[in-house]
Every structure is written in C-alpha cells, then in structure tokens.
Amino acid sequence: MLRDAPTLPDAVGCPHAGSAVPVEERSREPPYDGSVAAMTYTPTISCQADLEEAWRHLMQPLGFSGPSLWFMAVTPDDRAFPHLTQIEDCHRVPAPEEVLSLVAGVGAILDDVAPGARIAFLRTRPGRGGVDAEDRAWARALYGAARATGVALEVVHLATDRDVWPLPADAA
C-alpha cells in the first residue's frame, strides 16, 4: 500500500515563510560587475626620470609585505594608461618561458587597447637594502622577454621599503 509523502508544517510566526525573500542580508555583497576603479594620477612619462617619479608617487608610502611585480602601460603620447596591475607573491625569478608568456600576453592586450604603448614594470619587495642579484635577474628576464617578443619596454624599476631604483638593461 502506498502512502502520501508527509507534509512539513509551515514555519509558525515566520514572516518570510514560503516567500523568496532572503532571511538575512548582512553577508550579501552586491555582485561584482567586473569594473576596476581608474587611476586618477596620469603622469607624462617621456624619460626614465619621469617614470621613476611616477613609481615613487604610486607606491607611497613605501613598505611592502611581500615581493610583487607591477606594470602599467605608457601610451604613444607618453601618458600613463589609467590602470595599474599587480602580480603578488613573486618570490622567485620565473622560468624564461613564463616571463616570455607574461610579456607577450600583456603586449597583445596593449595592441588591442592602446596600440604602440610601452610596458613599464616595477618589482617591489620588503627590505631596506638596495638592488641585489635577484632584482637584476628579474630585470634581465623582463628585458630578454621584451626583446624576444618585440614588445616595447620602459626601464624596469625596483622599489623596496627604503627607495625606488632604476634597473637599466645595461646594468641588469
């Protein structure tokens, strides 16, 4: 003999029983719409000194909890493209093919968004010391990937908890 499935009692006294209204709203965040706030600082970058000044401005106050790689585009009219990207946890110099892939990928995006733009990279890390062998290895890897892919690259820079330094290709 078949029986009907038991019915559950309605929630007694609950104002939302049987409705589609959520019980609470505290943990509900508005959906992410994919937009990023634009940079309000758009310097003119026509030489290495301009770029160093821009990195100083953007990274103030100096002080980093871990190593990162930052990049921004510089348009053909020498203006910083109003977007800054950070890649966190860059604890080791990546393999050449990884750097090649990064530079080629960023270059391809720039070709679509800002044809003729140049990439400016900044390595940041904690510590008060100056440029070390790992910093130079990062710069060498970025310059090598840019040469191999034909992507225009600005002078790579380093920022630590103490200062900002250029890492020119001939010193990397």
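Residues in the sequence shown are numbered from -5 upward in steps of one, following the working numbering. For glycine and all other residues, C-beta sits at the position ideal for the given N, C-alpha and C. These numbers come from a predicted model, not from an experiment.
| Item | Value |
| --- | --- |
| Check each candidate in Thr143, Ala133 and Thr69 and name the one with the smallest Cα separation from Ala153. | Ala133 |
| Select from Trp64, Ala89 and Ala111 the residue whose C-alpha is nearest the C-alpha of Glu82. | Trp64 |
| Look at the Cβ atom of Thr118, then the Cβ atom of Phe75, and state whether they are nearer than 8 Å. | no |
| Using DSSP with H/G/I as helix, E/B as strand and the rest coil, what is Ser13? | Bear in mind that the predicted position of Ser13 carries a pLDDT of just 46, short of 50, making it too unreliable to give a figure here. |
| Just checking, does the segment 135 to 145 make contact with the segment 92 to 103 on the three C-beta pairs under 8 Å criterion? | yes |
| Helix, strand or coil: which one does DSSP assign to Gln80? | strand |
| Examine chain C for any beta-carbon lying closer than 8 Å to the beta-carbon of Val145, and answer yes or no. | Of the protein chains in this structure there is only one, and it is not chain C. |
| Would you list the one or two residues that DSSP bridges to Ala74? | Val68 |
| For Asp71, count neighbouring Cβ atoms within 10 angstroms of its own Cβ and tell me buried if that reaches 16, exposed if not. | exposed |
| Of the residues Pro61, Pro162, Asp105 and Asp157, which one's Cα is nearest the Cα of Val150? | Pro162 |
| Should Pro88 and Gly138 be called a contact, given that it needs their Cβ atoms to be closer than 8 Å? | no |
| By DSSP's criteria, Phe115 is part of a beta bridge. Which residues make up the other side? | Phe65 |
| From Pro37 to Val68, what distance separates their C-alpha atoms? | 9 Å |
| Have a look at the DSSP bridge pairing and note the partners of Pro160. | His151 |
| Less than 8 Å separating the beta-carbons of Arg156 and Leu56? | yes |
| By Cβ distance, which residues of its chain are closer than 6 Å to Met53, with the 5 residues on each side in sequence left out? | Ala153 |
| Is Pro162 near the ligand PLP, with its Cβ less than 7 Å from a heavy atom? | In the structure shown, the ligand PLP is absent, as is every other ligand, since no ligand is present at all. |
| If you drop the 5 nearest sequence neighbours on each side, which residues of the same chain put their C-beta closer than 7 Å to that of Ala48? | Pro37, Ile39 and Ala74 |
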